[in-house]
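Heads up, the thing below is written out as structure tokens.
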Amino acid sequence: MKANWKIALMCFATVAFFACKPQNAPDNQGGNGGNGGNGGNGGEDTEFVSKISVTDNSIADWDAVPAAFLAQAVCPEDGAYLGLKSVKVYADELYINILAEYDPEEIPNHTSVPFHVYINTDNSDETGGYGDQWTDANVDIMMEGFFFSAKEWDGETPLDEGAPCEYEPVIVPWTGEVGGTGWGWGAELVPAGVFVHSQHVGNCVELQMMRELIPSLVGWNETEFGIGFDIQQSWESVGILPLVSPTDENAAGHTNKLQVKIDK
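Numbering (the numbering used here), first residue to last: 16 to 279.
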């Protein structure tokens, strides 16, 4: 079953990629390696080029994101979880683009660094849950992947343990009580891989994913969605964003997730 999902997604991704690449551009320019970003100098029939590239070894293109559509969060200096320093999110007509900066002092062990993306896809409080890390318990799907490779073997050759790697998350839906907490995740909607492109730039990881390839049991709102993030060490959260300074009433600093407006 997982193999069938991967084949279907890869076919869909291929069709979507060629639909958005500049029609007159050679294959090594269109869409900048499958992400539609800053590549291609096609003629007037160019369909769509994202403002964000994840193949240029730079994060400077975030300066071109319209302020009205840039959602961002910065970790407070006195935050209860310091592993994520900042996140930025920009959703254009095809992609969700994410820029996450982690604190290397809080992430000393690169052999186990899960990174989770939590999305309120339908922008509604009538579905979803997981109020464990944010005050709006409306997460519809969770993505779970890794920023660094674990110790694995390719035949007789050990792969680089703890080396930066492509972010290849699985996707699971919230199937617990609406507005609930705890472990209410269902079976994988999508196995790891195929729909996310990523690059490491210093202590930043840039992600780009085609929104239409991200399944949700409740569908997607066409104009806006909510999103939150955590980074972990050995399956314990050491960074959460958005986050606010702790208080006596809110020692963890929990707050609402980011709201992202889609730039169409």
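The beta carbon of each residue, even a glycine, is placed where N, CA and C say it ideally should be.
In DSSP terms, what residue i is bridged to
i	result
Pro179	Phe163
Gln87	Lys103
Ser213	Leu222
Pro188	Ile156
Ala82	DSSP lists no partner for Ala82.
6 Å Cβ shell around residue i - same chain, five flanking residues per side excluded
i	result
Ala115	Val102 and Val220
Trp235	Thr136
Ile111	Met224 and Arg226
Gly177	His125, Thr126 and Phe163
Gly195	Gly144
Own chain residues within Cβ distance below 8 Å of residue i, not counting five before or after
i	result
Ala207	Gly160, Glu183, Pro184 and Val185
Asn265	Val259
Asp155	Ile134, Asn135, Thr136, Asp137, Thr142, Gly143, Pro188, Trp189, Ser231, Leu232 and Val233
Reduced DSSP secondary structure (H/G/I, E/B, other) of residue i
i	result
Trp198	coil
Glu141	coil
Trp77	helix
Leu97	strand
Ala152	coil
Gly146	coil
Leu232	coil
Glu227	helix
Gly134	Before going on, a small fix: residue 134 reads as Ile here, not Gly. Ile134 falls in the strand class under three-state DSSP.
Ile122	coil
Val193	coil
Asp169	Unreliable positioning characterises Asp169 in this predicted model, as indicated by a pLDDT of 49, which lies under 50. The coordinate reading is nonetheless provided below. Reduced to three states, the DSSP call for Asp169 is strand.
CB-CB length for residue i against residue j, believed under 8 Å
i	j	result
Phe163	His125	4 Å
Gly241	Lys279	With a Cβ gap of about 18 Å, Gly241 and Lys279 do not count as contacting.
Ser73	Val216	7 Å
Ile277	Glu227	That pair is no contact at about 12 Å.
Val211	Met224	5 Å
Leu256	Leu99	5 Å
Ile113	Ile246	Actually they are not in contact, since the Cβ atoms of Ile113 and Ile246 sit about 12 Å apart, beyond 8 Å.
Contacting residues, own chain, Cβ-Cβ under 7 Å from residue i (five flanking each side not counted)
i	result
Trp149	Gly243, His269, Thr270, Asn271 and Lys272
Segments of 3+ residues assigned as beta strand (DSSP E) that fall wholly inside the region 241-276 | 251-256 and 273-276
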